[in-house]
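Worksheet for the structure shown next.
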Amino acid sequence: MNRVAEALNIKYPFIQGPMSWLTNAEFTAAVSNAGGLGILGPNAGQTSITNDATETAERMRTEIKKVKALTNKPFGVTLIGGNGGPTSEFTLKVLNVVIEEKVPVAFVNSVGASLDGTFGIEPALLKPLKDNNIKIVVRSWQPSIADAKAAEAQGADVYVATGFDEGGTLPSYELGSFSIIPMIADSVDIPVCLSGGISDSRTVNAAFALGAEGVFVGSRLIPTIENPAAQNVKELIVHSTAEDLQLFRVAPAYYRSLPTKLRDQLVINDKTQNMETAYELNGKLMNGTSGMRIGMLDGDLENGYISVGTGISTIHEITSVAEVIAQLMADYKL
Ligand SMILES: Cc1cc2nc3c(=O)[nH]c(=O)nc-3n(C[C@H](O)[C@H](O)[C@H](O)COP(=O)(O)O)c2cc1C
Numbered sequence: 005m006n007r008v009a010e011a012l013n014i015k016y017p018f019i020q021g022p023m024s025w026l027t028n029a030e031f032t033a034a035v036s037n038a039g040g041l042g043i044l045g046p047n048a049g050q051t052s053i054t055n056d057a058t059e060t061a062e063r064m065r066t067e068i069k070k071v072k073a074l075t076n077k078p079f080g081v082t083l084i085g086g087n088g089g090p091t092s093e094f095t096l097k098v099l100n101v102v103i104e105e106k107v108p109v110a111f112v113n114s115v116g117a118s119l120d121g122t123f124g125i126e127p128a129l130l131k132p133l134k135d136n137n138i139k140i141v142v143r144s145w146q147p148s149i150a151d152a153k154a155a156e157a158q159g160a161d162v163y164v165a166t167g168f169d170e171g172g173t174l175p176s177y178e179l180g181s182f183s184i185i186p187m188i189a190d191s192v193d194i195p196v197c198l199s200g201g202i203s204d205s206r207t208v209n210a211a212f213a214l215g216a217e218g219v220f221v222g223s224r225l226i227p228t229i230e231n232p233a234a235q236n237v238k239e240l241i242v243h244s245t246a247e248d249l250q251l252f253r254v255a256p257a258y259y260r261s262l263p264t265k266l267r268d269q270l271v272i273n274d275k276t277q278n279m280e281t282a283y284e285l286n287g288k289l290m291n292g293t294s295g296m297r298i299g300m301l302d303g304d305l306e307n308g309y310i311s312v313g314t315g316i317s318t319i320h321e322i323t324s325v326a327e328v329i330a331q332l333m334a335d336y337k338l
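Basically this note's numbering = 1-based index in the sequence shown + 4.
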C-alpha cells in the first residue's frame, strides 16, 4: 500500500496544502470526503484578523467542529512554527485545541534549515503531538536534506518537499520541483510528498516518477466551487497562465502574483531598490498576511495580490474539489 495513504489513513496520497485565508470547513471536508487529506490553514473560515491568541484558537475549534460535522474522514490542522524563536502563544493554544478535539493529523509548518540552523519540528510541538498519537506532516519554508533528516529522526510521518514552482511564500533555496523531490526522497526513508506545480495528472505522474510518494496541492484547488476565494479571483486564475505571474522580493525570500495594481508596485520596488529596502517596503505594502486576504478572499485587484504557483497554466475551469482530485489522481492505481 502507498505509505502516505497508509500513514494518514486516506484513500489517495493527496494532501491539500493549507492556504492562509483560503481554507474553511466546507473546503477542507470536501478534500477529505474525496479521498485526500484536507488541512485547515491559518485564518481558516475567517474574514477578519484577531490579535488574541485564545480567540484564534477558539475560532479554529469552531472550524474543526464544523469539519467533523461534514466528514468522518481524517483531516489536519496547521501549526505554525516559531520562526527560529520560541513557539508562539498562538500556536501553543491551537495545539491544545488540536489535542482536545482529537484532530488526527497536525501539519507542522516549520521554518526549516537555512535561516537560523533550526531543523525539523520544534520540541514544544513534537512531544505533545507524539504523546497524543497525532500524525505529523512536516513542510518547511526552507526544505533541505538536513531538515528532512531531522524531521525523520524526530518521528515525522510524512515530509513535504516544496519546490520553487509553488504558490504562497517561496523557499529561498530556489530549487524547482523537479530538482528538489529526488534530492529529498533519496535522503530519507520516510515518505516524501511533492509540493509546487502539481496541477494535472501529468504533474502527479511526474512527481511519483521522481520519487514522491504523494502530492501536496495548493493553487489547483483555489478555482473550485468549495474554495472560499472570491469568484473574480477564481476566474482570473482560470484565464491566466504562468506567463502572467511576476516575482518580487519580500521576507523571507520571494512571492509571486498575478497582475494587480499592488503587484505592479511590489515588482517596481523589487527592481529599483536594494534587497533590504525592497523587503521593508514590500513587507509594509503587503500588510502582513492581510494583503492576501484583500486580494484573494475579498477579490480586490487594486489593493491586494493574487499568489499562485507556476502550475496554473493547465487550469481551465472552476469545478468541484472532488472533480479536481479525480482528474489529478486518474492514473494512480489504488
Ligand atoms: C494563496 C496561498 C496561500 C498559502 N498559504 C500558506 C500558509 O498559510 N501556510 C502554508 O504552510 N502554506 C501556504 N501555502 C502553500 C501551500 O500550502 C502549498 O505548499 C502550495 O500551494 C503548493 O504549491 P502549488 O500552489 O503549486 O500547488 C499557500 C499557498 C497559496 C497559493
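No residue lacks a Cβ here, since even glycine has one placed at the ideal position from N, Cα and C.
Where does L119 sit, in a helix, a strand or coil, going by DSSP?
Reliability of the predicted coordinates at L119 is poor, the pLDDT of 43 falling under 50, and no value is obtained from them.
Using the beta-carbon count (16 or more within 10 Å), is L249 buried or exposed?
Its Cβ being crowded by 16 or more others within 10 Å, L249 is buried.
Return the first residue and the last residue of the beta strand (DSSP E) that S205 is part of.
Segment 205-213 is the alpha helix (DSSP H) holding S205; no beta strand (DSSP E) there.
Output the distance between the C-alpha atoms of D120 and M64, rounded to the nearest integer angstrom.
Caution is warranted here: a pLDDT of 49 is assigned to D120, below 50, making its placement in the model unreliable, and no coordinate value can be reported.
Should G80 be listed as close to ligand 1, given that the test is whether its C-beta is under 6 Å from any heavy atom?
no
Would DSSP call F94 helix, strand or coil?
helix
How many angstroms separate the CA atom of N6 from the CA atom of N273?
46 Å
Please confirm whether any heavy atom of ligand 1 lies closer than 6 Å to the CB of V328.
no
Minimum C-alpha distance to Y163 - residue among A216, G201, K134, K265
A216
Terminal residues of the alpha helix (DSSP H) in which K131 lies
Note, K131: alpha helix (DSSP H), 127-135.
Whole angstroms is fine: what's the gap from A38's alpha carbon to Y258's?
32 Å
Within 10 angstroms of its Cβ, does T32 collect 16 or more other Cβ (buried), or is it exposed?
buried
Here's the rule I'm using: 16 or more other beta-carbon atoms within 10 Å means buried, otherwise exposed. How should D190 be labelled?
exposed
Residue span of the alpha helix (DSSP H) that contains V35, given as start and end:
29-37 is the span of the alpha helix (DSSP H), which, as asked, contains V35.
Could you tell me which residues DSSP puts in a beta bridge with K139?
V109
Any contact between the segment 162-177 and the segment 194-211? By contact I mean 3 or more CB pairs, one from each, below 8 Å.
yes
Alpha helix (DSSP H) runs wholly inside the segment 252-287, at least 4 long, in chain order:
265-276
Straight-line gap, S118 to Q146 (C-alpha atoms, nearest Å):
Note that S118 scores a pLDDT of 42, beneath 50, so its modelled location is shaky; the value from the coordinates is reported in the next line. Going by the C-alpha atoms only, they are around 6 Å apart.
Verify the contact flag: G172, CB atom, against every heavy atom of ligand 1, threshold strictly below 6 Å.
Correct: G172 has its Cβ closer than 6 Å to ligand 1.
Helix, strand or coil for L179, going by three-state DSSP, please let me know.
Note: L179 maps to coil in three-state DSSP.
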